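Be aware that the sequence shown starts at -18, since it is given in my numbering, and climbs by one per residue. Where is the CB? At the ideal position from N, CA and C, for every residue including glycine. This structure is a prediction, so every number in the text was calculated from the model and none was measured. One structure below.
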Amino acid sequence: MSTARSRRWRQLVLWLVLPVVLLLSVWLWQRYQNGVVAALRETGRQYLRERRDDLAEAAFERCLQRFPEDAELILLWAQAVISGRGRTAREAAELALGRLQQIPDTSTFAAEARMREGRLGLLVLLRPEFAESRLKKSLELGPPTLDANYLLWKLCDLTERFGEAEPWFWAAYSLTPEDQQLARLREWYTSQFSPQSANAELDRLLGFLEPDRFSDDTVTLARLAAFRSNEPDSALARAAEASFMIHLRDREPAIALLRDQWQRPGVSSNDFLMSTLIDVLLETGRLDEAQVIFERWPAGSSFLWLRTAGRMQQIVYQQDAEAVELFDRALPVWPGPIDWSLLHFKAQSLAKLGRREESEAVRLRAREIELLMELPVHQELRQALADLNRPENLRKMADFYRKIGREREASEWDRHRERLF
């Protein structure tokens, strides 16, 4: 009996101890694996610092096999993939994008992931609408970053929406170190008053402009055509290309690009496309078609909606009082202060209403703004911008902005002049 009892006792002890041993073994194995992953992660970081990107990618890939949902690891791996030399830029971007999109919006790294998706979408994949949605999502999820705001500003420039860039510029400017803000102000001036020059650096980066060439209309057309090719269903890409065609007086091809777009779900709320289409229909005398489309466009408060709505009241509905009210609301909104044609429209409606003195005053202001947009004025300003170490050049910039009614920019130019000199 004692032998049987002893055997049962040993079996009981074995059954009690075995799970503990197994759990301890699993715990020790996990600690070992975690240690290996931590070492690999640090090794990968070191490889990145040494620009040994292929080795970094391999190290992070091994880590991700153990922790496939580790958001920080995904960001590090994506950085190695993009920096590597074994793939084309597009192949690397598409590969990185696929994994970045696995990082959920609830992650603490989500804002950074969405920003990187937007950067890849714009600068490599040439998909501006996708890029814009990702960059805006980044700002929605996390604190404002210089990268996201700057890219949204440049995205507006690259898609012919110079007038919509202001909020992103000021956000980027506020996040720019003070010793770099003068250069940012210079870039803002170029963005709004010499857009092809402003886009030249990015056009070279994107492959549309040779290093030794100046930008021209063919470069802009090539970029916009590439955007539409890479996002054929994008209302933004179509509107951007059509807008530039209208600038070149190619109105009929522009209308053809946009006509079948405005009835698509969600497109009627796209102010850029709707205003571009309605404005060109008004220019070409298609008033009935313009009215049908305008009446499907939700009322808004953007410069584009206010300006086009004013033109509709003036031309189609023959309601000049309403037109003047809408023009007055549009004029303070950038780029309203430099839109001398908008002032002429307002003057026309005031004249029809019998308000002759007001009309003449507005015409004079329109002429002042028109003269300030002349080439000699901006040649002098560009010369000033070439040397920001002279206080009189900063004063010239402040004076120009005050003449066009832009106190905010003028104050910033003055502030830096006082700070530096």
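DSSP state of D193, grouped into three classes? coil
Outcome for G144 when other beta-carbon atoms lying within 10 angstroms are tallied against a minimum of 16: buried
Label M255 either buried or exposed according to how many other C-beta atoms from any shown protein chain fall within 10 Å of its C-beta, with 16 as the threshold for buried. buried
Going along the chain, which residues of its own chain have a beta-carbon closer than 7 angstroms to the beta-carbon of L127, five neighbours each way excluded? A153, L156, T157
Measure the Cβ-Cβ separation of E72 and Q82 and say whether it is below 8 angstroms. Q82 sits away from E72, with the two beta carbons spaced by 8 angstroms or more.
Considering R80, what are the terminal residues of the alpha helix (DSSP H) in which it resides? 70 to 81
Three-state secondary structure (DSSP) at N370? coil
Is the distance from the Cβ of I63 to the Cβ of A77 below 8 angstroms? yes
Of all the options A342, D395, P357, L323, which has the alpha carbon lying nearest to the alpha carbon of L375? D395
Count Cβ pairs between the stretch 288 to 304 and the stretch 322 to 329 that sit closer than 8 angstroms; are there 3 or more? yes
C-beta contact flag for P109 and L190 at 8 angstroms: Note that the C-beta distance between P109 and L190 is not below 8 angstroms.
Helix, strand or coil at N251 according to DSSP, with G and I counted as helix: coil
Excluding the 5 residues preceding and the 5 following S178 in the sequence, name in chain order all residues of the same chain whose CB lies nearer than 6 angstroms to its CB. Cβ-Cβ distances below 6 angstroms link S178 to T171 in the same chain, with the five nearest sequence neighbours on each side left out; the list follows chain order.
Using the three-state DSSP reduction, which class does M354 fall into: helix, strand or coil? coil
So what's S88 in DSSP terms, helix, strand or just coil? For S88, the three-state secondary structure derived from DSSP is coil.
My understanding is that L107 touches F208, with C-beta atoms under 8 angstroms, so please give their C-beta distance in whole angstroms. The Cβ separation is near 6 angstroms, so the contact holds.
Three-state class that DSSP yields for V2 in the structure shown: Bear in mind that the predicted position of V2 carries a pLDDT of just 48, short of 50, making it too unreliable to give a figure here.
Tell me the DSSP secondary structure of I385 in three-state form. coil
Nearest CA to the CA of A206: which residue from A164, L187, R194, F381? Nearest option by C-alpha distance: L187.
What does the Cβ neighbour count give for V261, buried or exposed, with the cut at 16 atoms within 10 Å? buried
So P279 and S250 are supposed to be a Cβ contact under 8 angstroms. How far apart are they, rounded? Right, the Cβ-Cβ distance comes to about 6 angstroms (below 8 angstroms), so this counts as a contact.
May I have a chain-ordered list of the alpha helix (DSSP H) segments no shorter than 4 residues that lie completely inside the stretch 22 to 75? 34 to 47, 52 to 64
Using three-state DSSP, classify A146 as helix, strand or coil. coil
Backbone CA spacing between Y13 and S88 [nearest angstrom]: The predicted model places Y13 with a pLDDT of 44, which falls under 50 and marks its position as unreliable, so this point remains unresolved.
Where are the beta strand (DSSP E) runs, 3 residues long or more, that stay fully inside the stretch 95 to 151, in chain order? Listed in chain order, nothing qualifies, since the stretch 95 to 151 has no complete beta strand (DSSP E) run of 3 or more residues.
Taking the alpha-carbon positions, what's the L9 to F90 distance? Note that L9 scores a pLDDT of 40, beneath 50, so its modelled location is shaky; the value from the coordinates is reported in the next line. Straight through space, the alpha carbons of F90 and L9 are spaced by roughly 29 angstroms.
Can you tell me whether W321 is helix, strand or coil according to DSSP? helix
Can you look up T157 in the DSSP assignment and give me helix, strand or coil? coil
Which two residues bound the contiguous alpha helix (DSSP H) that contains Y170? Looking at the DSSP string, the run of the alpha helix (DSSP H) that includes Y170 is 162 to 174.
Within the stretch 205 to 274, ranges of the alpha helix (DSSP H) (whole runs, at least 4 residues): 216 to 228, 232 to 240, 252 to 264
Alpha helix (DSSP H) containing W286: first to last residue? Element bounds for W286: 284 to 296.
Contact test: I274 Cβ vs the ligand COA heavy atom, cutoff 7 angstroms: Because no ligand of any kind appears in the structure shown, any question about the ligand COA cannot be addressed here.
Alpha carbon of E351 to alpha carbon of L268, nearest angstrom: Note on geometry: alpha-carbon atoms of E351 and L268 lie some 28 angstroms from one another.
Taking the straight line between their C-alpha atoms, what separation do you get for E141 and D241? 20 angstroms
Go to V305, then tell me how far its alpha helix (DSSP H) extends in each direction, as first and last residue. 301 to 311
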